[in-house]
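Notes follow the structure.
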Amino acid sequence: MPRISVLPDTLASQVAAGEVVERPASVLKELVENSLDAGATQIEVEIRKGGVALLKVSDNGHGMDKENALMSLERHATSKLTSSEGLAAIMTHGFRGEALPSIASVARFRLTTNDDPSTPATDINTEGGKVLQVSEVARAKGTTMEVKDIFYNVPARRKFLKSEATEYAHLEHVVRLSALGNSAVRYQFKNNGRLIWDLKPTKDRRTRIADLAGHQVLKDLQEVERYMMGEIAVEGYLLPGRLARGTGKSQTVFINGRPIDDPVIRGAIRDGYHGHIQQGQFPVVWLWITMPPDMLDVNVHPAKREVRFARPTEIKHAIVEAVASTLSPQPRKPHSPPAFLQTSEPVAPPVRPVESVEQRTVEVTPREEESRSPEPVEPSAPAFQLASEWATPDQQEMALPVADEEPQEGEQSAPFSLIGSLQGKYWLMEDENGLVVFDPRAARKRITYEGLKRAYTENTLSAQALLIPLLLELDGHDQAALKAHLPTLHELGIEITSFGGNTFQVQSLPTLLELSESGDAENFVLGVIDQLETTSLKSAKAREKVLEQLLMAVAHQSALTQSADQQFALPVVAELMLCELPYCTPEGKPTMIHYATNEIAKKFGG
Ligand code: ADP
Ligand code: MG
4 MPRISVLPDT LASQVAAGEV VERPASVLKE LVENSLDAGA TQIEVEIRKG GVALLKVSDN
64 GHGMDKENAL MSLERHATSK LTSSEGLAAI MTHGFRGEAL PSIASVARFR LTTNDDPSTP
124 ATDINTEGGK VLQVSEVARA KGTTMEVKDI FYNVPARRKF LKSEATEYAH LEHVVRLSAL
184 GNSAVRYQFK NNGRLIWDLK PTKDRRTRIA DLAGHQVLKD LQEVERYMMG EIAVEGYLLP
244 GRLARGTGKS QTVFINGRPI DDPVIRGAIR DGYHGHIQQG QFPVVWLWIT MPPDMLDVNV
304 HPAKREVRFA RPTEIKHAIV EAVASTLSPQ PRKPHSPPAF LQTSEPVAPP VRPVESVEQR
364 TVEVTPREEE SRSPEPVEPS APAFQLASEW ATPDQQEMAL PVADEEPQEG EQSAPFSLIG
424 SLQGKYWLME DENGLVVFDP RAARKRITYE GLKRAYTENT LSAQALLIPL LLELDGHDQA
484 ALKAHLPTLH ELGIEITSFG GNTFQVQSLP TLLELSESGD AENFVLGVID QLETTSLKSA
544 KAREKVLEQL LMAVAHQSAL TQSADQQFAL PVVAELMLCE LPYCTPEGKP TMIHYATNEI
604 AKKFGG
């Protein structure tokens, strides 16, 4: 009996019509899902020229006989669903029977398949959906689908394809997600003839994560032990908040085996990390969620990864709890005591606790500045220290071009005195007019930005080669963002070279940033790449504009990796006041807010 049957029309129309073929990556997604549905344990993906020249998927699944192979190219031919009752409970990836005919209609398509090793395989060649030739060939059990010259007959669509790097990024993402969702399956991935991944099958998801994200993640992965809430189960792995990224794309979530990118889920993850990440950061997670199929509607958008939940609040809760309890195994206190109550103690851990970084002491000008230097307290663990030439305002002043305006102002030895810190996030100071609240990150952004810019224009920017060159596994999106700016980054002292496949090597970083060679250098570079992806760099044509944006990205990222501990308040503010524009960040946000005493008095009715 043929395995494939044609959907009744009523059911066909119940299934939301979706645009299957949006770009090469959407085709690849369908092909790989078909292989998984066919029970493959080995999937080979080969692409050329961003998938436009070639997309080839070979599997060792159950294959098809000749009759089924021909039928698979007909609209609404599916072996996976025969009645509308089945629709709610569907667990396979495909069920519409639309993918193959849609794909075949916009490309030169070849299907070679064999369901029985004792008989020859069927080989079907089509062009624009028309069957040109059907023949018998030799092939082991399984299926190979070859899509060439995608959109060759739809020039309007072809025009919308992006650069090879961008299309590659999307394709790579498809393979990455599929491989993460199916670690028991072996995946091979080749791009332009070059082997990018050969992922061995494994029972341990950690191994698959490490094979894809780089083995350096293993030491930081935290396991989310299977967490049940009602019928919802959540498990997976997390990276600590300090390794959060600047975009949401490193959040990988599967629901019932399907990769999902959904605002409800993203919000829940963020809530679970509450107190562990800073605003605007995205924690890195890999979560596998299972729930009864009738709790979600996967039919909202066939080509996208969004879903609709029957009971979103429950799902949200399950994720928040699973994540939060992994990050802080003991029940968390709702509030830690205000920092200023902990008088002589160092301030409560900053928002980004830095583990595993060797402790360093502050290098604040030992020989002078009684009023400016804080008590030399052991830092709780600063991510890194400002370079010594930065920590010495006097030295820095000497290095400044003799300016005829402002900067002298900052010299009037410490117009600010430290009152304390607000929730470990802001520094409270007073000056002769009232209260001044500093945003440490904003201040450091300004300082680093001007420092880098000055060094760059004066040609004194020095880069420090890393003793142990840092290797980074970058996904396709990161690569596309990075590659576009490699030369400019190099000019800023950030030297990164391709190391083959998805691996990149960071060879040097600006000396000014004084990043330790362990975690923060990596964190810093990844953060800069995220910035490249999110800033308006793409539209910036002029060289200076690009440079400016890069300087901002570097300054922004380096500020993120620094401690907000109040022991750094006075030296940092002193440096800030030496800047040309101390009152705002390069982006124009304030670095400090002033509350005049008389305004405050007024509020009290004085
Ligand atoms: P759907 O996956 O929605 O059923 P498709 O158009 O993707 O629809 O595929 C049509 C049919 O072709 C599938 O139902 C399946 O029976 C068959 N098929 C497609 N790809 C493969 C494959 N790699 N191995 C075996 N059978 C396949
Ligand atoms: Mg399918």
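Residue numbering for the sequence shown follows the numbering used here, starting at 4 and increasing by one per position.
Glycine included, C-beta positions come from ideal geometry on N, C-alpha and C.
| Asked | Found |
| --- | --- |
| I need the straight-line Cα distance from Ile46 to Leu39, nearest angstrom please. | 8 Å |
| Beta carbon of Thr146: closer than 7 Å to some heavy atom of the ligand ADP? | yes |
| Grab me the residues of His3's own chain with a C-beta within less than 7 Å of its C-beta, minus the 5 sequence neighbours each way, in chain order. | This structure leaves residue 3 out entirely; the chain is present only between 4 and 609. |
| Could you name the residues that DSSP lists as bridge partners for Lys319? | Looking at the DSSP assignment, Lys319 forms no beta bridge with any residue, so it has no partner. |
| Helix, strand or coil for Asp62 per DSSP? | strand |
| Using 8 Å for Cβ pairs, my map puts Trp289 next to Ile212. What's the rounded Cβ distance? | 6 Å |
| I need the boundaries of the alpha helix (DSSP H) containing Asn195, first residue and last residue. | No alpha helix (DSSP H) holds Asn195; DSSP gives it neither H nor E. |
| Where does Leu57 fall in DSSP's three states? | strand |
| Assuming Tyr190 and Leu180 form a contact by the criterion Cβ under 8 Å, report the distance between their Cβ atoms to the nearest whole angstrom. | At roughly 11 Å, the Cβ-Cβ gap does not stay under 8 Å, so Tyr190 and Leu180 are not in contact. |
| Using three-state DSSP, classify Glu234 as helix, strand or coil. | coil |
| Looking at Gln510: is its Cβ nearer than 8 Å to the Cβ of Leu469? | yes |
| I'd like the list of long-range same chain contacts for Arg273, defined as Cβ closer than 7 Å, with 5 residues on each side in sequence excluded. | none |
| Please go through the same chain and pick out, in chain order, the residues whose beta-carbon is closer than 7 Å to the beta-carbon of Gly196, but skip the five residues on each side of it. | none |
| Specify, as a first and last residue, the run of the beta strand (DSSP E) that Glu49 falls within. | 45 to 51 |
| Is it true that the region 237 to 250 meets the region 500 to 515, where meeting means three or more beta-carbon pairs spaced less than 8 Å apart? | no |
| Below 8 Å between beta carbons: does that hold for Pro204 and Val188? | yes |
| Tell me the DSSP bridge mates of Thr597? | The sequence shown places His at residue 597, not Thr. DSSP lists Val439 as partners of His597. |
| I want to check one thing, is the minimum distance from the CB of Asn37 to the heavy atoms of the ligand NAD below 7 Å? | The model on display carries the ligand ADP and the ligand MG but not the ligand NAD. |
| Residue range of the beta strand (DSSP E) that Lys133 falls in? | 133 to 140 |
| Within 7 Å: the Cβ of Ala102 and any heavy atom of the ligand MG? | yes |
| What do you reckon, is the C-beta of Glu33 under 7 Å from a heavy atom of the ligand MG? | yes |
| In the DSSP assignment, what are the bridge partners of Lys592? | Answer is none; Lys592 lacks a bridge partner. |
| What do you get for Thr116, buried or exposed, if any count of 16 or more other CB atoms within 10 angstroms of its CB means buried? | buried |
| Compute the Euclidean distance between the alpha carbons of Phe312 and Asp265, then round it to the nearest angstrom. | 10 Å |
| Check whether the region 118 to 127 touches the region 136 to 153, taking contact to mean three or more Cβ pairs, one atom from each stretch, closer than 8 Å. | yes |
| Under a Cβ-count criterion, where at least 16 other Cβ atoms within 10 Å of its own Cβ denotes burial, should Ser61 be classed as buried or exposed? | buried |
| Counting along the chain, where does the alpha helix (DSSP H) carrying Gln467 start and finish? | Taken as a continuous stretch (DSSP letters only), Gln467 belongs to no alpha helix (DSSP H), being part of the beta strand (DSSP E) at 466 to 476. |
| Which runs of the beta strand (DSSP E), 3 residues or longer, sit entirely within the region 163 to 203? | 189 to 194, 197 to 202 |
| Taking 7 Å as the cut-off, is the beta-carbon of Gly66 closer than that to any non-hydrogen atom of the ligand ADP? | yes |
| Identify the continuous beta strand (DSSP E) that holds Cys126 and give its terminal residues. | Contrary to the premise, residue 126 reads as Asp rather than Cys in this sequence. Segment 124 to 130, the beta strand (DSSP E) holding Asp126. |
| If I follow the unbroken beta strand (DSSP E) through Val256, where does it start and stop? | 254 to 258 |
| Could you check if Lys32 is buried or exposed, using at least 16 other CB atoms within 10 Å of its CB as the buried criterion? | buried |
| Output needed for Leu455: all residues of its chain with C-beta closer than 8 Å, excluding positions within five of it in sequence on either side, in chain order. | Leu464, Leu495, Pro513, Leu515, Leu554, Val557, Ala558 |
| Closer than 7 Å by C-beta to Ala562: which residues in its own chain qualify, once you throw out the five before and the five after it? Chain order, please. | Arg444, Arg447, Lys448, Thr451 |
| In terms of residue numbering, what span does the alpha helix (DSSP H) encompassing Pro574 cover? | 572 to 579 |
| The ligand ADP and Ala41: does any heavy atom of the ligand fall closer than 7 Å to the residue's C-beta? | yes |
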